[in-house]
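So the sequence lines, in the order shown, correspond to chains A and B.
The first sequence maps to residues 1 to 134 in my numbering.
The second sequence maps to residues 135 to 268 in my numbering.
Where a beta carbon is used, it is the ideal one built from N, C-alpha and C, also for glycine.
Below: the structure, in structure tokens.
There are 2 protein chains.
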Amino acid sequence: MKRNSRLSLALHTLSHMAGSPDRMRTSGDIAEHAGTNPVVVRRVLGKLREAGLLTSEKGHAGGWRLARKPQDITLADVYLALDERMVATDETSDASACSVEHALHERVSGVLKEIEESLVQKLSETSIAEVRGV
Amino acid sequence: MKRNSRLSLALHTLSHMAGSPDRMRTSGDIAEHAGTNPVVVRRVLGKLREAGLLTSEKGHAGGWRLARKPQDITLADVYLALDERMVATDETSDASACSVEHALHERVSGVLKEIEESLVQKLSETSIAEVRGV
DNA sequence: ACCATCCGTAACTTTTCTGGTTGCATTAGT
DNA sequence: ACTAATGCAACCAGAAAAGTTACGGATGGT
């Protein structure tokens, strides 16, 4: 796997689960399906569980299941759950002595933050059910 | 610097250059300004030159200058010049035997590509001049 | 009671990405 | 000639991420 694998893995898995929402799936199944490792799957899906998108059960008949209906899970939910900010810069303390520079830095950061917000807005317009489509 | 440093560096540099578009700046100046290395600056700015956003001149009085007016350079131009796709997945050959799986994979890829396009669209609505702002 | 199965988590390794650095050829002005 | 700049290639170092192994805890079947 390469870049953006987490978002991609999450999306693929959720879309797949949306097919039969009641079926319980193990991280092993999902991993094999996605061509990766059960632990990696649990790591990513754990984030989604924290965000309330999935539930997991331990033990013999344990596994993973959607916590909501597919149409109630948006791409924004997934994106935010993974806690990856794609365009927004980190809030590095601007060490520039010049105040004009500082102001410019603020402007650039602000613009990037706006772009990030618009991305989330766009993501919120599509649900997992719609990804599955048709 | 951390993630997105290239985009951030490019944006900051262009915004700064937009202040006095006729002034020639060396990679050394820019690097010192950005707290990084001249070679790194040339790497990033080289991409922008390839995309026609900047011009560079070798030799004694050489350096970098905007190739267009700041209002004619959009954030999308910069983003695309850097050739970093943030949300779109790479076109990995889908090795899934099942055709249903393949179709789902295509759907997810398609959705991500749409998101990417909408991001670029959003970026194209803001110019460097506007970033500089006010 | 026992056992197989599955999640949760930690620790470690390997790979990949990226910025930083050095060196050198080339170009251009003085 | 000399100086100062880009262009480019090669390499190093550090961080980030995936992959792997291992083990503890929970759960259900036998």
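- If you ignore the 5 residues before and after lysine 47 of chain A, its C-beta comes within less than 6 Å of the C-beta of Ala81 and Leu82, all in its own chain and listed in chain order.
- Taking C-beta atoms as the reference points, leucine 187 of chain B and threonine 260 of chain B fail to come closer than 8 Å.
- In the three-state reduction of the DSSP assignment, threonine 189 of chain B falls in the strand class, which pools E and B.
- When DSSP states are grouped into helix, strand and coil, arginine 25 of chain A belongs to the strand group.
- Per DSSP, arginine 65 of chain A is not a residue of any alpha helix (DSSP H); the beta strand (DSSP E) it occupies stretches across 63 to 66.
- Under the 8 Å criterion on CB atoms, arginine 159 of chain B is classed as non-interfacial with respect to chain A.
- Interface criterion not met: the Cβ of asparagine 37 of chain A is under 8 Å from no Cβ in chain B.
- The C-beta of serine 15 of chain A comes closer than 8 Å to at least one C-beta of chain B.
- Annotated three-state conformation of threonine 36 of chain A is coil, per DSSP.
- A Cβ-Cβ contact shorter than 8 Å links glycine 63 of chain A with arginine 25 of chain A.
- If you draw a straight line from the Cα of valine 40 of chain A to the Cα of alanine 31 of chain A, it is about 8 Å long.
- DSSP places methionine 151 of chain B inside the alpha helix (DSSP H), whose first and last residues are 139 to 151.
- Chain-ordered listing is empty here: chain B has no CB closer than 8 Å to the CB of valine 120 of chain A, the nearest sitting near 11 Å.
- Per the coordinates, the alpha-carbon of aspartate 206 of chain B lies some 18 Å from the alpha-carbon of leucine 141 of chain B.
- Comparing C-alpha distances from glutamate 114 of chain A to each of B/His236, B/Ala185 and B/Leu257 shows the shortest one belongs to B/Leu257.
- Your pair leucine 45 of chain A and serine 27 of chain A checks out as a contact, with CB atoms roughly 7 Å apart and the cut at 8 Å.
- Look at isoleucine 73 of chain A: its C-beta is not under 8 Å from any C-beta on chain B.
- Where glycine 110 of chain A is concerned, the enclosing alpha helix (DSSP H) starts and stops at 99 to 123.
- Cα atoms of leucine 104 of chain A and alanine 185 of chain B: separation of roughly 24 Å, rounded to the nearest angstrom.
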